[in-house]
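Asks: In the working numbering, the protein residues as written are 9 to 249.
Cβ coordinates follow ideal geometry from the N, Cα and C atoms, glycine included.
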Amino acid sequence: MTKMSDRKFLNPKTPIIPSHRKKRIPMKKITAIFFSTCMIAVAGCHWVGVRGNGNIKTDQRTISAFATVEASGAFTIEWRNGAPALSVTTDENLLPYIDNQVSGDTLRLHTRETIWPTHGIKVVISSPTRTGAKISGAVKLSANQLSGLRFAFQSTGASEVKLDGNIDELLADMTGASELNAGALQTKTAEISTTGAADAEIAVAETLKVAITGAGKVSYSGNPTTIEKHITGAGSIRHKD
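(1) Taking only the alpha-carbon atoms, compute the straight-line gap between Ile220 and Thr197 and give it to the nearest angstrom.
(2) Since Ser163 contacts Val110 with CB under 8 Å, what's their CB separation in whole angstroms?
(3) Kindly say whether Leu94, judged by its beta-carbon, lies nearer than 8 Å to any beta-carbon of chain D.
(4) Rounded to whole angstroms, what is the Cα-Cα separation between Ala242 and Gly204?
(5) From this set, Phe83, Thr126 and Pro92, which residue's C-alpha is nearest Asp107's C-alpha?
(6) By a C-beta neighbour count over all protein chains shown, 10 Å radius and 16 as the cutoff for buried, is Arg29 buried or exposed?
(7) Can you give me the Cβ contacts of Ile129 inside the same chain, cut-off strictly under 6 Å, excluding the 5 residues immediately before and after it?
(8) Could you please give me the residues that DSSP links to Arg69 through a beta bridge?
(9) Is Asn101 helix, strand or coil by DSSP?
(10) Rounded to the nearest angstrom, what separates Trp124 and Ile64 at their Cα positions?
(11) Kindly indicate the opening and closing residues of the beta strand (DSSP E) around Glu177.
(12) With distances taken Cα to Cα, identify the nearest neighbour of Val96 among Val131, Ala190, Asp249 and Ser150.
(13) Fully enclosed by the stretch 184-223, which beta strand (DSSP E) runs are 3 residues long or longer?
(14) For Thr202 and Gly224, what's the separation of their Cα atoms in angstroms?
(15) Residues bridged to Leu3 by DSSP?
(16) Using CA coordinates, which residue listed in Gly222, Ala206, Thr240 and Ala192 is at the minimum distance from Lys248?
(17) State the Cα-Cα distance for the pair Ile210 and Ile245, rounded to the nearest angstrom.
(18) Leaving aside the five residues before and after Thr45 along the sequence, list all residues of the same chain whose C-beta is less than 7 Å from its C-beta, in chain order.
(19) Pull the bridge partners of Arg158 from the DSSP assignment, please.
(20) State the DSSP-derived secondary structure class of Lys237, mapped to helix, strand or coil.
(21) Spatial neighbours of Ala166 within its chain, please: CB distance less than 6 Å, with the 5 preceding and 5 following residues excluded, ordered by chain position.
(22) Can you tell me whether Glu236 is buried or exposed? The criterion is at least 16 other CB atoms within 10 Å of its CB, across all chains shown.
(23) Use the C-beta contact count for Asn231: other C-beta atoms within 10 angstroms, 16 or more gives buried, fewer gives exposed.
(24) I need the straight-line Cα distance from Arg88 to Glu199, nearest angstrom please.
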């Protein structure tokens with residue numbers, strides 16, 4: 009018999025169904041519902057962010073002078089010598105999500121949200137002085153006709169750097185699966201540090217210093233009179249004929 013204190017919780021219009029008469033949902037149906045829910049969740053996560061509309065436009069932007077660049081994401085950057093300038097080419101609806109700012113002598117590029125461009129993001133920049141860069145992610149950076157005393161850069165992830173010209177000193181700190189193609193950059197001194205599976209190709213005339221940790225590879229052309237190398241792991245250094 010139901011206690012008096014419990015009766016206030018019962019709705020007299022709601023039938024009480026014995027447990028042996030309750031309808032059970034087949035396990036196959038439960039599995040199907042669970043699988044469908046997971047697929048919807050995965051699909052929703054896959055398209056988080058803003059997708060490009062396919063209407064490719066170039067946005068010319070005014071910036072102040074800078075000498076170094078910092079970028080993360082999936083930019084393709086072409087860095088030229090000249091007066092300060094910047095242009096961004098990508099899907100028209102994604103342009104507002106791409107930010108640039110100059111702080112001190114550094115130009116910073118990044119996206120404010122996750123975006124899905126249909127044909128990538130191309131950035132063309134120019135500055136009268138080019139001394140270094142810091143890139144990460146899947147950024148591709150090229151700088152042609154470099155000149156001056158020194159160029160230093162850091163790269164991480166799957167980033168790529170391509171350099172040419174003539175400078176006195178090249179400093180490179182590379183991690184992950186980043187790549188450096190500087191065989192067309194003539195240098196007097198080069199210091200290359202790689203961690204992970206980073207690869208570098210350089211040209212050096214006088215002094216070469218290489219530190220490799222992991223499976224990195226460094227190839228060089230030229231006949232430097234001084235070579236210092238420190239290799240930990242399966243890395244290698246070789247002279248390129």
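Replies: According to the structure shown:
(1) A direct Cα-Cα distance of roughly 17 Å separates Ile220 from Thr197.
(2) The pair is not a contact, with the Cβ atoms about 21 Å apart (cut-off 8 Å).
(3) Note that chain D does not occur in the displayed structure, where there is just one protein chain.
(4) Distance between Ala242 and Gly204, taken at the CA atoms: about 10 Å.
(5) Phe83
(6) Any reading at Arg29 must be qualified, since the residue scores a pLDDT of 47, below 50, and its modelled position is unreliable; the value itself is stated next. Arg29 comes out exposed.
(7) Phe83 and Thr98
(8) Leu94
(9) Correct three-state label for Asn101: helix.
(10) 13 Å
(11) Boundaries of the beta strand (DSSP E) around Glu177: Glu168 to Gly184.
(12) Val131
(13) Fully enclosed beta strand (DSSP E) runs of 3 or longer: 187-204 and 207-222.
(14) So the two alpha carbons sit approximately 6 Å from each other.
(15) Residue 3 is absent from the model: the chain starts at 9 and stops at 249.
(16) Ala192
(17) 11 Å
(18) Reliability fails at Thr45, whose pLDDT of 49 lies under 50, so the model's placement of it is uncertain and the value that follows must be treated cautiously. Excluding positions up to five away in sequence, the list is empty.
(19) DSSP, once it has assigned bridges, lists Glu177 as partnering Arg158.
(20) Strand, per DSSP.
(21) Ala146 and Ala185
(22) exposed
(23) exposed
(24) Cα to Cα, the separation comes out at about 24 Å.
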